[in-house]
Every structure is written in structure tokens, then in C-alpha cells.
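Working notes, structure below.
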Amino acid sequence: MAFLKTENTRISAIYTCVPQKIERTEDYEWISLQERQLFTKTTGIIERRVASESTTCSDLCFEAASRLLNDLNCKEEIDLVLFVSQSPDYFLPATSIILQNRLGIPTSAMAFDVNLGCSGYVYGLSIASHFIQSGNIKKVLLLAGDKSTISTNYEDKSTFPLFGDAGTATLLEFDETAKTWFFSMASDGKG
96 MAFLKTENTR
106 ISAIYTCVPQ
116 KIERTEDYEW
126 ISLQERQLFT
136 KTTGIIERRV
146 ASESTTCSDL
156 CFEAASRLLN
166 DLNCKEEIDL
176 VLFVSQSPDY
186 FLPATSIILQ
196 NRLGIPTSAM
206 AFDVNLGCSG
216 YVYGLSIASH
226 FIQSGNIKKV
236 LLLAGDKSTI
246 STNYEDKSTF
256 PLFGDAGTAT
266 LLEFDETAKT
276 WFFSMASDGK
286 G
């Protein structure tokens, strides 16, 4: 297990974007009422958001990031665009580079993707904070999201209601007064 420590990083803002379409667990009539009630009771999930077929994960992250960058007026100050997802727009090129261009972030900024699911946001925070701790990176735009419904199997009633579509934008920046962050990281590829 990796125990990591970073300093001088703070989260300045978190913005989200979810699609308008809502699917409610109670409406999945092909799942028995008892199974739906048990699912809701054990997970607390009563609905999920579903993007249109033409909407990509980067579209959702773009909306969140656009609002963040406009509200905080910091587009020119971004040193790194980090995109974390298991549903990138393409195999190549990296979605982070597409978003960097769409958002008008300077080409002097670094940009790369990380392909992770459930643990992705935490890994993104760790990666971003370590770049900031290096001393050369002052502001990181962490974009995390998924369009999970494109690969959802509606016949797998134990998992498909878990996964919806969303995009987020988190601004992390250097701050000497920020509290120390600790990460305990491990991976289990058993499935």
C-alpha cells in the first residue's frame, strides 16, 4: 500500500454538470419491486442521470469547467489539465487536450488523461497535489466524469442502476497555508 503525503495544495472550487434526463430506480419495472426496494435501501440510490446519445463525457466536463473558469477568471493561469474517466471521447487523441483547446486554456499548460473509474477522482486529487507540491505547477484543473450509460447492461440488474452520467471540474492551487493531505492508495484487479 502506498502512503502519500502532499502539502501546499487547496481545493478552490468544485463545479458539476449532470444531464437533465432522470431515470428513477422505481421505474425499472423489469426488476421486481422487492429487488428495487432492496437496491434503494442498501445503496440509497433512487435515481441516476442519463446523457443523450450525442453528449460525451467531455461535454459534461466542459460545461462544469466553463462555469468554473468564467466565475473565477483563471483560464490563463492553468498549468495542468488532468482528465480522469473510463469513458473518454476517443482512444486517441487524449480528451484532456481536446478540453484544453475547447476551454481556451493556453498551450503552455500540460494536459493528460488518467483511465480510472471509481477511484479516479481520489487518484486525480493525488496526482494534481503532487504536481503542485513539485513547485512548478500552481493551478490544476481536474476534470473527472463518466458517461457510464453507454456501456451499461440493463440486464445486469445488480449494477446498472448504480451508474449514471456526470462531469466535474475541480480547481486545485498552491497555498502555503493549506493543511497537509494524506493518501493511502492500493489497487485490487480481481474485479
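Residue numbers (this note's numbering): 96 to 286. All residues carry an ideal CB built from backbone N, CA and C; glycine is no exception.
Asked, Found
"Quick one: measure Cβ to Cβ for Leu-198 and Leu-164, integer angstroms, because I've assumed they're closer than 8 Å.", "6 Å"
"Per DSSP, what kind of secondary structure is Leu-211 in: helix, strand or coil?", "coil"
"Compute the minimum distance between the beta carbon of Pro-114 and the heavy atoms of the ligand GDP, and state whether it is under 6 Å.", "The ligand content of the structure shown is nil, which means the ligand GDP is not present either."
"Determine the closest residue to Thr-120 out of Lys-242, Ile-200, Ile-140 and Ser-107, with distance taken between C-alpha atoms.", "Ile-140"
"Under 6 Å Cβ to Cβ from Ile-192, same chain only, skipping five residues before and after it: list those, please.", "Ala-206"
"What's the C-alpha gap between Arg-131 and Asn-248?", "16 Å"
"Round the Cβ separation of Ala-223 and Val-235 to the nearest angstrom and send it over; I've been treating them as touching at under 8 Å.", "4 Å"
"Just the Cα atoms here: how many angstroms apart are Phe-258 and Gly-240?", "11 Å"
"Check whether the Cβ atoms of Gly-219 and Leu-237 sit closer than 7 Å, and answer yes or no.", "yes"
"Can you tell me whether Thr-272 is helix, strand or coil according to DSSP?", "coil"
"Which first and last residues belong to the alpha helix (DSSP H) in which Glu-130 is found?", "128-138"
"By alpha-carbon positions, which one of Asn-196, Lys-136, Ser-147 and Ile-232 ends up nearest to Ala-261?", "Ser-147"
"Helix, strand or coil for Leu-304? Go by DSSP, reduced to three states.", "Outside the shown range of the chain (96 to 286) lies residue 304, about which nothing can therefore be said."
"Lys-234 bridges to which residues according to DSSP?", "Glu-268"
"Tell me the rounded alpha-carbon separation between Lys-242 and Gly-212.", "11 Å"
"Here's the rule I'm using: 16 or more other beta-carbon atoms within 10 Å means buried, otherwise exposed. How should Phe-157 be labelled?", "buried"
"Determine the DSSP secondary structure at Ala-223, reduced to helix, strand or coil.", "helix"
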